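Working notes for the structure below.
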Amino acid sequence: MPELPEVETTRRGIAPHILHHPITAVTLRHTQLRWPIDKALSRNLPGRTLVRADRRGKYLLLAVDDGRTLIWHLGMSGSLRIVEPTEPPGKHDHIDLRFAHGRVLRYHDPRRFGAFLATADDPAQHALICHLGPEPLTDDFNGEYLYERSRKRSTAVKSWIMDSRVVVGVGNIYANESLFLAKIHPLRAAGKLTRPACHRLADIIKAVLARSITQGGTTLRDFVGGDGKPGYFAQQLNVYGRGGEPCPVCSKPLTEKPLSQRTTVYCTHCQN
DNA sequence: CTGTTAACCTGAGTGC
DNA sequence: TGCACTCAGGTTAACA
33 MPELPEVETT RRGIAPHILH HPITAVTLRH TQLRWPIDKA LSRNLPGRTL
83 VRADRRGKYL LLAVDDGRTL IWHLGMSGSL RIVEPTEPPG KHDHIDLRFA
133 HGRVLRYHDP RRFGAFLATA DDPAQHALIC HLGPEPLTDD FNGEYLYERS
183 RKRSTAVKSW IMDSRVVVGV GNIYANESLF LAKIHPLRAA GKLTRPACHR
233 LADIIKAVLA RSITQGGTTL RDFVGGDGKP GYFAQQLNVY GRGGEPCPVC
283 SKPLTEKPLS QRTTVYCTHC QN
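Position one of the first sequence corresponds to residue 33 (the numbering used here), numbered consecutively onward.
See below:
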């Protein structure tokens with residue numbers, strides 16, 4: 033579930049609880065995530081301390097005081113919470129990091145599309161990270177960048193902006209919402225976007241993501257932030273999950289159809 | 001190289 | 001109730 037705002041909300045929620053407190057125990061209940069978890073982590077992580085909690089795209093990067101970095105991805109259904117050690121683990125609670133203050137960082141992930149691994153090298157050079165495009169909330173991501181980069185691209189603009197090599201953090205919900213607000217048809221060839229359309233789209237992606245972060249992300253099924261509170265952005269979605277309902281702008285029914293196996297919702301009247 | 005598709009896995013919801 | 005079926009927030013690997 034987690035898109036960028038959810039991951040950022042999680043990072044901010046858990047950071048005060050996990051930084052600068054020694055790790056006392058690591059429990060791995062299920063090591064088969066997207067890639068198998070290195071079981072040695074339950075031996076060589078206790079005694080260490082996390083010194084920084086960063087985010088790159090939807091990857092959480094937790095710096096360990098021995099120079100390693102934990103790379104954590106929540107996949108489609110993952111969530112991290114701070115819990116009391118007395119709270120019994122549920123069926124899909126795969127990982128616990130226990131800290132010296134007594135509380136536990138608990139990873140829950142029913143579909144197990146997430147990833148948890150450690151690297152000794154610069155995380156920016158890691159194979160999962162090095163190909164990623166710019167962060168959407170930085171100045172490196174802007175209308176000119178979108179315009180230049182999209183030239184000669186025949187792929188649908190929605191699929192294109194969801195490609196993490198183009199820009200990170202734009203998942204299915206925010207892709208639908210941003211294209212609606214920018215009045216761009218999701219099936220438009222990326223290379224056919226005008227320069228003004230690219231500027232509009234970049235500005236709106238920034239605004240939508242930033243606003244969602246301030247509201248704690250989008251709660252759909254099972255998302256809870258690091259402090260256990262749900263996000264409130266879902267109530268403000270204009271098109272996602274609203275196929276067939278009237279367009280908030282022109283009242284014509286919203287079209288919903290799959291694009292590359294992802295639900296796509298748009299207004300054929302407002303978006304072109 | 002670009003672009004599309006299948007695959008990973010479980011649970012919730014729907015229709016019969 | 002139960003069963004069969006569809007769909008779900010992401011990403012990579014394997015294709016054409």
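Every residue gets a Cβ at the ideal spot worked out from N, C-alpha and C, and that includes glycine. From a predicted model like this one, the values you see are computed outputs, not experimental measurements.
Span of the alpha helix (DSSP H) around residue i
i            : result
threonine 41 : 36-50
serine 111   : Taken as a continuous stretch (DSSP letters only), serine 111 belongs to no alpha helix (DSSP H), being part of the beta strand (DSSP E) at 111-115.
Candidates the options, of which the one nearest residue i by Cα
i                 : options                        : result
arginine 88       : His158, Tyr177, Ala221         : His158
histidine 217     : Val198, Ile236, Ile245, Ala188 : Ala188
glycine 146       : His105, Arg43, Leu164, Lys123  : His105
proline 48        : Cys299, Asp86, Ser74, Pro34    : Asp86
isoleucine 69     : Val202, Arg294, Ala150         : Ala150
leucine 51        : Ser196, His133, Ser244, Val39  : His133
isoleucine 46     : Val281, Leu82, Cys299          : Leu82
glutamate 38      : Val281, Leu233, Tyr206         : Tyr206
alanine 234       : Leu178, Thr300, Val281         : Leu178
lysine 190        : Asp171, Arg232, Val202         : Val202
phenylalanine 148 : Asp171, Arg183, Tyr91, Ile245  : Tyr91
alanine 229       : His124, Cys162, Asn76, Glu176  : Glu176
C-beta contact flag for residue i and residue j at 8 Å
i            : j             : result
leucine 291  : arginine 274  : no
leucine 241  : leucine 36    : yes
glycine 110  : histidine 140 : yes
arginine 100 : arginine 138  : no
threonine 42 : aspartate 128 : no
arginine 181 : leucine 65    : no
Same chain, Cβ closer than 7 Å to residue i, neighbours up to 5 away in sequence not counted
i          : result
valine 199 : Gly165, Pro166, Pro168, Phe173, Ile193
lysine 289 : Thr296
lysine 238 : Pro168, Leu169
Chain-order list of residues whose beta-carbon lies under 6 Å from that of residue i (same chain, five-residue window excluded)
i              : result
histidine 62   : His126
isoleucine 236 : Ser210, Leu213, Ala214
asparagine 304 : His217
arginine 80    : Ile55, Val96, Asp97, Asp98
leucine 94     : Leu82, Ala85, Leu102
proline 34     : Leu106
Endpoints, the beta strand (DSSP E) within which residue i is located
i             : result
glutamate 288 : 287-291
serine 186    : Counting along the chain, serine 186 falls outside any beta strand (DSSP E), and DSSP gives it neither H nor E.
alanine 57    : 55-60
valine 297    : 294-298
aspartate 125 : 125-131
alanine 150   : 147-151
leucine 77    : Here leucine 77 belongs to no beta strand (DSSP E), and DSSP marks it neither H nor E.
Own chain partners of residue i with C-beta closer than 8 Å, once the 5 adjacent residues on each side are dropped
i          : result
serine 186 : Ala221, Ala222, Gly223
Exercise. Are at least three pairs of beta-carbons, each pair with one atom in the stretch 119-128 and one in the stretch 219-226, less than 8 Å apart?
Worked result: no
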